[in-house]
Every structure is written in C-alpha cells, then in structure tokens.
Amino acid sequence: MSLCNVSKRFGDTTVVSDFSLDLFAGEFVALLGASGSGKSTTLRMLAGLERPSSGKVLMDGVDVTDLRPAARNIALMFQSYALYPHLSVRQNIATPLRQTRLSAAARLPGAGLLSGQVRKAESEINARTQSVAQMLRLDGLLERRPGQLSGGQQQRVALARALVRDPSAFLLDEPLSNLDTALRHSTREEIRDLHRRTGHAFLLVTHDQTDALSMADRIVVMIAGRVAQCASAADIYHRPANREVARFIGAHRMNILPPGVEAASFHPRGMQDDIGIRPEALQADPNGALLATLTNAAFHGEETLLRLRTDAGAELLAVTEGTASLPPQGTKMRFGAQAARLHCFDAATGLRKEIKA
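According to the working numbering, the sequence shown is numbered sequentially starting from 129.
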C-alpha cells in the first residue's frame with residue numbers, strides 16, 4: 129500500500145501536504161504526531177474515507193484513489209470501538225462476514241432453514257468467528273454483550289471484528305486512548321503479538337510516543353501535515369532529524385541551548401549552533417561545565433525531575449535517580465553531559481548537524 133504525494137485541503141486550510149508513505153506486508157508503522165498534525169486524515173485517505181485533494185493511493189501498484197472503503201480489504205479500528213450493544217460478542221465479531229457473505233434476505237431469522245447454501249455460509253462464518261475469538265482469548269465471552277465487558281475486553285472484540293475478514297492491512301486510529309495506564313501496557317503487547325501472528329501490515333495512528341516507540345518497526349513523525357522524520361524508533365530517539373522532532377520525542381522534552389557561551393561549554397559548535405541535551409543525559413557533576421540554579425525538584429519514584437535556570441536565563445530540565453539526595457532549592461549546581469549524548473541543530477533551520485564527540 130502506498131500514499132504518493134497526497135495532500136488534503138479543507139477550504140483554504142491544508143491539513144496534509146505532499147505526504148508519501150509505503151506500507152509493506154508484515155510491517156508495523158506508526159503515524160506519530162500532536163493533535164492537529166494530520167495523522168488521522170492521512171489514515172482516512174488510505175482507508176478511502178477521505179479523497180485526497182491531490183496525489184494517489186495505490187494498493188499492489190494499482191490506483192485505488194477513487195475506490196470505496198469496502199472494496200479495499202482494509203480493517204479499521206477507531207478510538208470508539210463502535211460495538212453493537214444489543215448483539216452478543218459472537219454476533220459483533222461475525223457482523224462483517226454476515227454483511228459480505230450473506231444477502232439481506234439470507235440474514236433474516238430462519239433463512240438457513242430454507243437454503244442449504246445459507247446453512248453452509250453460516251457454518252463457515254461460525255467457524256471463522258470461533259477461530260478469531262480463540263486467538264484473542266474471547267472464546268469464553270462469546271455470549272456476553274458489550275455492556276458486560278471490561279474496556280480491555282471490548283477492545284479485543286473490536287480487534288476480532290476487524291480481523292475476522294482476514295484483511296490485507298489493519299489501520300488503527302488511537303485504539304488505546306480510552307484505556308487506563310496499566311491496561312494500555314498489556315494491550316500494546318496484545319496488539320504487537322497479534323501483528324506477529326497474522327503477518328498483516330499494521331498502521332497505527334497515535335499522539336502517544338510510548339505507543340509508537342514500543343510497537344512500531346518504523347515511525348513517521350508528522351508535524352503540521354508533513355513528514356518530519358521517518359525512521360526506526362531508535363534512530364528517531366538518538367538521531368532526531370531536526371529540532372522539532374528532538375523536542376517532541378522522549379519521555380521529557382529535550383533541552384535546547386541557543387548559541388552562546390553556555391552551549392559552547394558543552395561543545396565548541398555551540399558558539400554558532402543550538403546544542404540539544406536530553407534531561408536524562410544532563411547529570412549533576414561538581415566538575416561540570418554548566419552552572420545553574422536549582423529552582424524546583426519533583427520526586428517521581430524512581431526518578432526526580434530537577435528544574436534549573438542558568439545565569440543566562442535558560443530554563444533546563446535534568447533527571448536524576450529518585451534516591452539521590454539534593455541540596456535545597458536556590459542552590460547553585462554544576463552539570464555536565466557526555467559528548468556522545470549531545471545533539472547539534474542549525475540555529476536558523478533547526479536541521480540536525482553531526483558533531484564529533
């Protein structure tokens with residue numbers, strides 16, 4: 129599947145601009161971006177729910193830009209699971225198959241009593257439903273209704289309903305947003321395991337970088353409707369393409385020191401370029417090059433977040449172990465960072481520059 133230079137405009141507003149992406153069989157790709165970055169619109173164009181203002185959508189090299197969603201053999205799962213509350217789990221899972229394999233008349237109660245062909249189709253649908261339910265550990269819940277299920281169970285039903293048609297690709301739009309922290313963690317593992325077992329292409333849309341970093345083989349970072357970087361999770365974290373990506377990715381926002389003496393205290397390039405330091409790389413060191421005032425310390429269990437202010441007025445964040453003893457607020461402290469963990473960005477364009485340790 130491919131998006132080729134697609135753009136989407138709503139009136140005078142361009143939501144997606146000149147976007148290209150190839151999604152290969154067996155690959156897990158995440159579209160990662162803040163709210164309003166255009167990631168959901170991109171997914172909807174791939175699914176056929178939105179027509180690109182320009183550009184093409186290809187499947188196996190065939191132009192499907194004008195093909196309706198039902199003809200693309202793509203499974204969709206949204207933030208809202210959209211389960212039918214009056215149907216059982218079994219009936220919810222089987223619905224896509226019944227709609228595609230049985231006519232409206234054949235779906236009426238008792239139709240199978242009159243037609244051997246309908247009975248055969250119903251038998252195949254039941255077998256496929258049972259198989260998918262077992263794969264997602266739902267076989268003990270098939271007679272329940274959605275209102276009798278937990279949030280995690282409802283999500284597995286939505287996944288099963290998407291999987292039952294054996295689609296060529298799964299498109300997941302913020303599927304974990306309604307789950308609490310503990311359930312998100314276990315569900316990430318379930319989705320990743322489902323991807324491995326099916327071998328299908330998966331495209332995940334999310335604003336949560338933990339979802340993207342932990343599940344995807346490849347991440348597309350979207351900023352203002354454009355591809356800011358497309359790479360593996362490790363490359364995006366360790367080698368962000370520009371200043372915006374660097375500050376977006378990571379558990380804590382990257383510190384950026386503008387050109388000047390303080391930036392140059394970490395590396396000579398800091399006299400003309402921005403120097404980036406992740407908070408976890410900025411360590412208290414009595415021999416460190418940077419002098420800063422501790423303005424606040426917030427204990428978070430295994431780690432403590434230190435808010436700092438330099439003499440030049442730069443606001444920085446450092447992360448230290450939660451067990452570390454700290455001086456009182458207002459204390460002057462010195463900090464350093466290993467040269468190999470520094471990042472350099474062009475002060476004008478924000479693009480990454482390579483520096484030698």
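Glycine residues also receive a C-beta, built at the ideal position from the N, C-alpha and C atoms.
The alpha-carbon separation between D474 and E390 amounts to approximately 16 angstroms.
The continuous beta strand (DSSP E) containing L131 extends over residues S130 to F138.
Ranked by Cα distance from A297, the first of G353, L287 and M399 is L287. Residue environment: K248 is assigned as exposed (fewer than 16 neighbouring CB atoms within 10 Å of its CB, all protein chains considered). F156 sits close to F330, with the two beta carbons spaced by under 8 angstroms. A residue is called buried once 16 or more other Cβ atoms fall within 10 Å of its Cβ, and Q227, having fewer, is exposed. For E443, the enclosing beta strand (DSSP E) has its first and last residue at E443 to E449. Taken atom to atom, the span from the alpha-carbon of A440 to that of Q283 is near 50 angstroms. Secondary structure in the segment 302 to 364: the alpha helix (DSSP H) runs of 4 residues or longer, each lying completely within the stretch, are 309 to 326 and 337 to 343 in chain order. About 6 angstroms separates the beta carbon of N220 from that of V285, a gap short enough to meet the 8 angstroms contact definition. Minimum Cα-Cα distance from L419 among the listed residues S181, R437 and S314 corresponds to R437. For H214, the closest alpha carbon among the candidates Q262, R229 and G275 is that of G275. If you check the CB distance, L171 and F147 do not come in under 8 angstroms. Per the Cβ contact rule, the segment 168 to 186 is not in contact with the segment 340 to 347 (fewer than 3 Cβ pairs under 8 angstroms). Contact between L160 and V447 is absent: CB atoms are separated by about 22 angstroms, not below the 8 angstroms threshold.
Excluding five sequence positions before and after R354, the CB atoms of its chain that fall closer than 6 angstroms to its own CB belong to S145, given in chain order. Of the other Cβ atoms in all chains shown, fewer than 16 fall within 10 Å of the Cβ of Q457; this residue is therefore exposed. Counting only the Cα atoms, K484 lies some 36 angstroms from L332.
Burial state of L479 is exposed, judged by a 10 Å Cβ sphere holding fewer than 16 other Cβ atoms. Counting the other Cβ atoms within 10 Å of the Cβ of H313 gives fewer than 16, which makes it exposed. It is roughly 19 angstroms from the alpha-carbon of L174 to the alpha-carbon of A356. Three or more Cβ pairs drawn from the segment 198 to 210 and the segment 288 to 308 lie within less than 8 angstroms of each other, which places the two stretches in contact. The criterion of a C-beta distance shorter than 8 angstroms is not satisfied by S181 and S251. Residue range V217 to R229 is occupied by the alpha helix (DSSP H) that includes N220. Taking C-beta separations shorter than 8 angstroms and ignoring five residues to either side along the sequence, the partners of F427 in its chain run G450, following chain order. In the DSSP annotation of this structure, K184 is not part of any alpha helix (DSSP H); the continuous beta strand (DSSP E) holding it starts and ends at S182 to M187. If you check the CB distance, I384 and R397 do not come in under 8 angstroms.
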